[in-house]
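Student:
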Amino acid sequence: MSSLARNYQEKRNFIRMQVSAPATLTLNDGSSYDLTCLDLSSSGVQLQHFEAIPAGISGRLTVSSGGGYTTPLEAQVTICRVEEAGNDSYRIGATIDSFL
């Protein structure tokens, strides 16, 4: 095992699961955004969108399950980070406040 592998320590409390799924963020004022969910964990989610969404706002996030018998994931989230990702898109980090 290399020294880099031995010295690496996961800094997150929860492992992220890589996904690529359609998602909808509905803000408390009724406006909504269609996004792509890039990854999620039990405490947060990373989204991608073609425009920035202001940090600090809250809303209801629905992540599509891909159909079948699995229901969509629904959660109350708060946007905590917005970064330009290039290719005319933004990476948006959100904390999961509660699952619905």
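In the numbering used here, the protein residues as written are 11 to 110.
Backbone N, C-alpha and C define an ideal beta-carbon position, used for all residues, glycine too.
Tell me whether Leu71 is buried or exposed, calling it buried when 16 or more other Cβ atoms sit within 10 Å of its Cβ.
Tutor: Residue numbering aside, residue 71 sits at position 61 when the sequence shown is read from its first letter. The residue is buried, with at least 16 neighbouring Cβ atoms inside 10 Å.
Student: Put Thr110 into one of helix, strand or coil per three-state DSSP.
Tutor: Your numbering for residue 110 matches position 100 in the sequence shown. Correcting the residue type first, residue 110 is Leu in the shown sequence and not Thr. The answer is coil: DSSP assigns Leu110 none of H, G, I, E or B.
Student: Tell me the rounded alpha-carbon separation between Ile63 and Ser41.
Tutor: By one-based count along the sequence shown, residue 63 stands at place 53. By one-based count along the sequence shown, residue 41 stands at place 31. Their Cα atoms are separated by approximately 11 Å.
Student: Let's see if you can read the secondary structure: which residues bound the beta strand (DSSP E) around Asp49?
Tutor: For this step, residue 49 is matched to residue 39 along the sequence shown. Looking at the DSSP string, the run of the beta strand (DSSP E) that includes Asp49 is Ser42 to Leu50.
Student: Look at the alpha carbon of Leu45 and the alpha carbon of Thr36, and state the distance between them as a whole number of angstroms.
Tutor: Position 35 of the sequence shown, counted from the first residue, corresponds to residue 45. Position 26 of the sequence shown, counted from the first residue, corresponds to residue 36. Cα to Cα, Leu45 sits roughly 11 Å from Thr36.
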